[in-house]
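A quick write-up on the structure given underneath.
In this note's numbering, the protein residues as written are 32 to 801.
Set out below in structure tokens:
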């Protein structure tokens, strides 16, 4: 019995270890992130525009539901430090009241101070310290600024520099805060505001009525900002879709979904293991239970004795997992997040939920042990001390079909009759195999899905050699020069953020307008290729669900620089990983009244990327291979979790299947002994055991495969973010490997049980207590 209790101990330990370890990461990120956002008075919304005046700012400040606003002037300059050149997002404001950055080194940030305060990670990469002088160039003008300090902004928990980048590149992209006077020296003109940060009024009473009114106020603020700014309005973002914050919050939601779903399955399987373990113990100790009852022990005392097995084993395993998780798995996973996100402090922190789950595991295992012991303590002592008599067998359902029944071998007839006699044991066996199969399919499927989406995005959906994005100030002459540097095998793209609205909803997304070319390949949900035509737009599946639109519905679009919305028909719903947005042909865009101003170039020649990045009007240049590498690296922190889940699923499958095999042997040892006594050979007894296991295996796999696909679909749906949609995918070789592993484990258990059956002490197995 030691092996079975060790199994329960390990399952309790692993369930709590996994949950507490992963929760320590995502809850620590969530808890500190929310704390910092609150302490720094981070904006609730951002209005993007151009040429915003002070009176516009005051009008928005006067909208109902607005607590405070702060206007910002921002632009992207080029920093020279020694021989290095990097892009720096420069932000200037008269005040520092909203989204207040936290100084890490040097002087505290002053909005009207001289010099520049640089992004801490950017400064580290360039080995810049407070007191150093850097050169910033913009539009042919250049200024020298002294670094007053380094800081971290709560608006940029994740800063990648460009929308297409998935990984931070602190050498190439950074941000800094300067004064409006320094901005004027750099541009040679009075700075214009192009962003307004908004803080909403906080809820006085958090009830249903005030929450509904608050939601209506937020909608009114967005509409009011658009109306007040008019042609100067470009876009409106809340925290949930502001990239610098949403990337961070999406990650902890992703980790949380993995934690909760997988741990729930583990706890259920731990209960199953406890039930089978206690049932076997009761079978073995029937004579001891009968003796105790004969000596006057009450049933509740005997049940309490067995309940404590479940209590102590699960409690010790759970406590071990709870205390082992933070310094091991939590710290290891948290260190992986540091290269993606920038916060002043990293904390491992568990919520009270970890302790509640520990208590729940102990309670469930104890209750399972109590339930398993009830049957063994029922009845008079004289009957309890005896072996449980076999159930009376009548004809089973299959025997009614005479032709079919006569075709079966004797082994299958014996197996079907034995199964009908003890349905509970068969059901537990099937659930155990199905659960193990589903867990393995889920964990391996997550791994396959992440890799599949990356390869599909950068290889099938896009198949260019290089992607070159231009700066906002790039001219038509610059585009012509860039085109001449290629071999002519190119496709121009206009990529912007777009404000989308329907009659019932609205959202911010990405719009991509494609010129002639063949470097993008869109597919619908059935995998059929979709071409961009002159009839309408294609909308990503995730965005379509968010907006609740279908094919042939209408959308209204507005990009920066447009004075009004453009109405377009949804011609296709396409299944894409990223970007989540709207796709149009340049011909349709121009027919609808838009002007095609491409700012991205796709080219077949990957080598063009190296030459293009040296051009002054190029913002970013990268190859498809580099983007795939970035995507793989971006998912590396999640893959570590998935690999751990795979290892755990395999371990738990081994434990469950072994436990079920031993339980089956315990319940049928008398039958095996009887078969040996009446003359059955060892190979024939092995055949009975093998047929029994094959029936359980087949039924378990039949249930487990669809359950695994369902679990994977749920998990992938929870792991998808607002900007990236994952598709559940399990490679056929992976499925074959999983089924092979389950079959191999089952046959290994079969071999172990067969050995036990052949070495069975027949006198002990057949003797009566009388």
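In this text, a Cβ means the ideal position worked out from N, Cα and C, and glycines have one as well.
**OP:** Compute the distance between the beta-carbons of residue 97 and residue 137, then report whether it is under 9 Å.
**Re:** No, the pair does not count as a contact, with Cβ atoms beyond the cut-off.
Original post:
First and last residue of the alpha helix (DSSP H) that includes residue 746?
Top reply: Segment 713-750, the alpha helix (DSSP H) holding residue 746.
Original post:
If you drop the 5 nearest sequence neighbours on each side, which residues of the same chain put their C-beta closer than 7 Å to that of residue 100?
Top reply: For residue 100, where only same-chain residues beyond five positions count, the Cβ hits under 7 Å are 88, 91, 92, 227, 228 and 229.
Original post:
What residue range is occupied by the uninterrupted alpha helix (DSSP H) comprising residue 596?
Top reply: Here residue 596 belongs to no alpha helix (DSSP H), and DSSP marks it neither H nor E.
**OP:** Report the three-state DSSP secondary structure of residue 369 (helix, strand or coil).
**Re:** Here DSSP, grouped into helix, strand and coil, assigns residue 369 to coil.
Original post:
Can at least three beta-carbon pairs, one atom from the segment 331-340 and one from the segment 361-380, be found at a separation below 8 Å?
Top reply: The segment 331-340 is not in contact with the segment 361-380.
Original post:
If we count the other Cβ atoms within 10 Å of its Cβ and call it buried at 16 or more, is residue 552 buried or exposed?
Top reply: With a threshold of 16 other beta carbon atoms within 10 Å, residue 552 falls short and is exposed.
**OP:** Note down the Cα distance separating residue 42 from residue 292, rounded to an integer number of angstroms.
**Re:** Those two C-alpha atoms are separated by around 16 Å.
**OP:** Output the distance between the C-alpha atoms of residue 707 and residue 713, rounded to the nearest integer angstrom.
**Re:** Each residue's Cα considered, the two are about 8 Å apart.
Original post:
Is it true that the segment 751-758 meets the segment 601-612, where meeting means three or more beta-carbon pairs spaced less than 8 Å apart?
Top reply: Touching, yes, given that three or more Cβ pairs across the two stretches are closer than 8 Å.
Subject >> Burial state of residue 405 (16 or more Cβ within 10 Å) >> reply: The residue in question, residue 405, is exposed, as its Cβ has fewer than 16 Cβ neighbours within 10 Å.
Original post:
If we count the other Cβ atoms within 10 Å of its Cβ and call it buried at 16 or more, is residue 371 buried or exposed?
Top reply: Looking at its Cβ environment, which holds 16 or more other Cβ atoms inside 10 Å, residue 371 is buried.
Original post:
Given residue 201, which residues of its chain have a CB within under 6 Å of its CB, disregarding the five upstream and five downstream residues?
Top reply: Within the same chain, residue 201 has close Cβ partners 152, 153 and 156.
**OP:** Would you check if there are 3 or more beta carbon pairs closer than 8 Å linking the segment 342-359 to the segment 385-392?
**Re:** The segment 342-359 and the segment 385-392 touch, with no fewer than 3 CB-CB distances between them shorter than 8 Å.
Original post:
Under the three-state reduction of DSSP, which class applies to residue 669: helix, strand or coil?
Top reply: Annotated three-state conformation of residue 669 is helix, per DSSP.
**OP:** Helix, strand or coil for residue 60, going by three-state DSSP, please let me know.
**Re:** Three-state DSSP puts residue 60 in a helix.
Original post:
For residue 77, does the three-state DSSP call read helix, strand or coil?
Top reply: Reduced to three states, the DSSP call for residue 77 is strand.
Original post:
Is the Cβ of residue 209 closer than 9 Å to any Cβ of chain D?
Top reply: Although the question refers to chain D, the structure presented lacks it and comprises just one protein chain.
Original post:
Is the CB-CB distance between residue 225 and residue 82 below 9 Å?
Top reply: In this structure, residue 225 sits near residue 82, with a CB-CB distance shorter than 9 Å.
Subject >> Start-to-end residues for the alpha helix (DSSP H) that takes in residue 374 >> reply: Looking at the DSSP string, residue 374 is not in any alpha helix (DSSP H), and its letter there is neither H nor E.
**OP:** Could you tell me the boundaries of the beta strand (DSSP E) in which residue 328 lies?
**Re:** Note, residue 328: premise wrong, no beta strand (DSSP E); not H, not E.
Original post:
Is the number of C-beta pairs between the segment 547-561 and the segment 586-594 that are closer than 8 Å three or more?
Top reply: When Cβ pairs closer than 8 Å are counted between the two stretches, the segment 547-561 is seen not to touch the segment 586-594, the count staying below three.
Original post:
Which word fits residue 729, buried or exposed, when buried means at least 16 other C-beta atoms lie within 10 angstroms of its C-beta?
Top reply: Residue 729 comes out exposed.
Subject >> Exposed unless 16 or more other CB atoms sit within 10 angstroms - verdict on residue 613 >> reply: By the neighbour-count criterion, in which 16 or more other beta carbons inside 10 Å mark a residue as buried, residue 613 falls on the buried side.
Subject >> Span separating the alpha-carbon of residue 801 from that of residue 450 >> reply: Any reading at residue 801 needs caution, since the residue's pLDDT is 46, under 50, leaving its predicted position unreliable; the model's value is listed next. Rounded to whole angstroms, residue 801 to residue 450 spans 29 Å at the Cα level.
Subject >> For residue 374 and residue 64, believed in contact at Cβ under 8 Å, the rounded distance >> reply: Right, their Cβ atoms sit about 7 Å apart.
Subject >> Of the residues 567, 750 and 675, the one placed nearest residue 484, counting alpha carbons only >> reply: Scanning 567, 750 and 675 for the CA closest to the CA of residue 484 turns up 750.
Original post:
With DSSP run on the structure shown, which of helix, strand or coil describes residue 336?
Top reply: Helix.
Original post:
DSSP on residue 155, reduced to helix/strand/coil?
Top reply: It is helical.
Original post:
Does the pairing of the segment 495-502 with the segment 758-776 give three or more beta-carbon distances under 8 Å?
Top reply: With the cut-off at 8 Å, the segment 495-502 and the segment 758-776 do not touch.
**OP:** Identify every run of the beta strand (DSSP E) within the segment 485-568, keeping only runs that are complete inside it and at least 3 residues long; order them along the chain.
**Re:** Runs found: 497-501, 521-532 and 537-545.
Original post:
When the Cα atoms are used, what is the spatial distance from residue 37 to residue 689?
Top reply: Distance between the alpha carbons of residue 37 and residue 689: 12 Å.
**OP:** Look at the Cβ atom of residue 516, then the Cβ atom of residue 642, and state whether they are nearer than 9 Å.
**Re:** Yes, the pair counts as a contact, with Cβ atoms nearer than the cut-off.
**OP:** Tell me residue 208's beta-bridge partners as DSSP assigns them.
**Re:** Beta-bridge annotation (DSSP): residue 208 is paired with 122 and 148.
Original post:
How many angstroms separate the CA atom of residue 579 from the CA atom of residue 158?
Top reply: Answer to the nearest angstrom: the Cα atoms are 49 Å apart.
Original post:
By Cβ distance below 7 Å, which residues in the same chain neighbour residue 527 in space, the five residues on each side in sequence not counted?
Top reply: For residue 527, where only same-chain residues beyond five positions count, the Cβ hits under 7 Å are 542, 590 and 591.
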